[in-house]
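Asker:
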Amino acid sequence: MYLFAQYDGDEITGRAYYSDQSPAAETYVEAYQLGMGDNPELPIVSGKTDSSGHFVLPVTTTGPFKVVIDGPEGHRAERVADNIAKRAMGRSEFELLREDLHKLKDKIYLHDILGGIGYIFGLFGLFALLKAKREKQ
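The numbering used here puts the first residue of the sequence shown at -6, with every later residue one more than the last.
1. Give the DSSP-derived three-state secondary structure of ASP43 in the structure shown.
2. What separation, rounded to the nearest whole angstrom, lies between the Cα atoms of THR6 and VAL38?
3. Spatial neighbours of GLY46 within its chain, please: CB distance less than 7 angstroms, with the 5 preceding and 5 following residues excluded, ordered by chain position.
4. Tell me which residue opens and which closes the alpha helix (DSSP H) that TYR112 is part of.
5. DSSP three-state call for LEU50: helix, strand or coil?
6. Whole angstroms are fine: how far does the CA of PHE114 sit from the CA of GLU92?
7. What is the rounded straight-line gap between the Cα of GLY67 and the Cα of VAL60?
8. Can you tell me whether GLY7 is helix, strand or coil according to DSSP?
9. By the 10 Å Cβ neighbour count, where 16 or more other Cβ atoms means buried, how is THR42 classified, buried or exposed?
10. Express the C-alpha separation of GLU128 and LYS100 in angstroms, rounding to a whole number.
11. Starting from the Cα of THR20, find the closest Cα among GLY64, GLY109, LEU122 and ASN76 and give me that residue.
12. What residue does the beta strand (DSSP E) around ASP63 start on, and which one ends it?
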């Protein structure tokens, strides 16, 4: 499970999704204020994601927030909400841009797979070379 969260001063918004990019629909979300000395185990706000995995949590306090989502079958994700400034660009456009960046980070590319296969072949080649040297002696 993956979690994307941002904080703009008034609310924490974000999206939760699984590794196959399907949304984590109707899943419980909690936000904790970091650096709270009183009781850091209690969430300051909680809610649920909608059918597309998006959530909006209104907050009245300031500071960094840790967002935690607990999905079915033990799926869990945590993230510190990125603090963003309100800009001329709408919140939804900014959220979509940041979400696309997170998807690119989470995606497995062909060159990653080929690099892993090459690494494995290299290890087997090194093993075969060492074995051939031992048999020669």
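Yeah, the Cβ is synthetic: ideal placement off N, Cα and C, and Gly gets one too. Keep in mind it's a predicted model, so treat the numbers as computed, not measured.
Answerer: Walking through what the data contain:
1. What you label residue 43 is simply residue 50 of the sequence shown in a count that begins at 1. Here ASP43 sits in coil by DSSP.
2. Sequence index remark: in the sequence shown, residue 6 carries index 13 (1-based). Sequence index remark: in the sequence shown, residue 38 carries index 45 (1-based). Going from the Cα of THR6 to the Cα of VAL38 covers about 12 angstroms.
3. To locate residue 46, count along the sequence shown from 1; it is residue 53. Once the five neighbours on either side are set aside, the close Cβ partners of GLY46 are ARG8, ALA9, TYR10, PRO16, ALA17 and ALA18.
4. Stepping through the sequence shown from its first residue, residue 112 is reached at position 119. Counting along the chain, the alpha helix (DSSP H) containing TYR112 begins and ends at 103 to 129.
5. As a working note, residue 50 is residue 57 in the sequence shown. Strand.
6. Your numbering for residue 92 matches position 99 in the sequence shown. Your numbering for residue 114 matches position 121 in the sequence shown. Their Cα atoms are separated by approximately 36 angstroms.
7. Here residue 67 corresponds to residue number 74 of the sequence shown, with the count starting at 1. Here residue 60 corresponds to residue number 67 of the sequence shown, with the count starting at 1. So the two alpha carbons sit approximately 16 angstroms from each other.
8. Residue mapping note: residue 7 aligns to position 14 of the sequence shown, counting from 1. Reduced to three states, the DSSP call for GLY7 is strand.
9. As a working mapping, residue 42 is identified with position 49 in the sequence shown. Here THR42 is buried. Its C-beta has 16 or more other C-beta atoms within 10 Å.
10. Here residue 100 corresponds to residue number 107 of the sequence shown, with the count starting at 1. Here residue 128 corresponds to residue number 135 of the sequence shown, with the count starting at 1. So the two alpha carbons sit approximately 44 angstroms from each other.
11. Within the sequence shown, numbered from 1, the residue matching residue 20 stands at position 27. Nearest option by C-alpha distance: GLY64.
12. Looking up residue 63 in the sequence shown gives position 70. Run containing ASP63: 58 to 63, per the beta strand (DSSP E) assignment.
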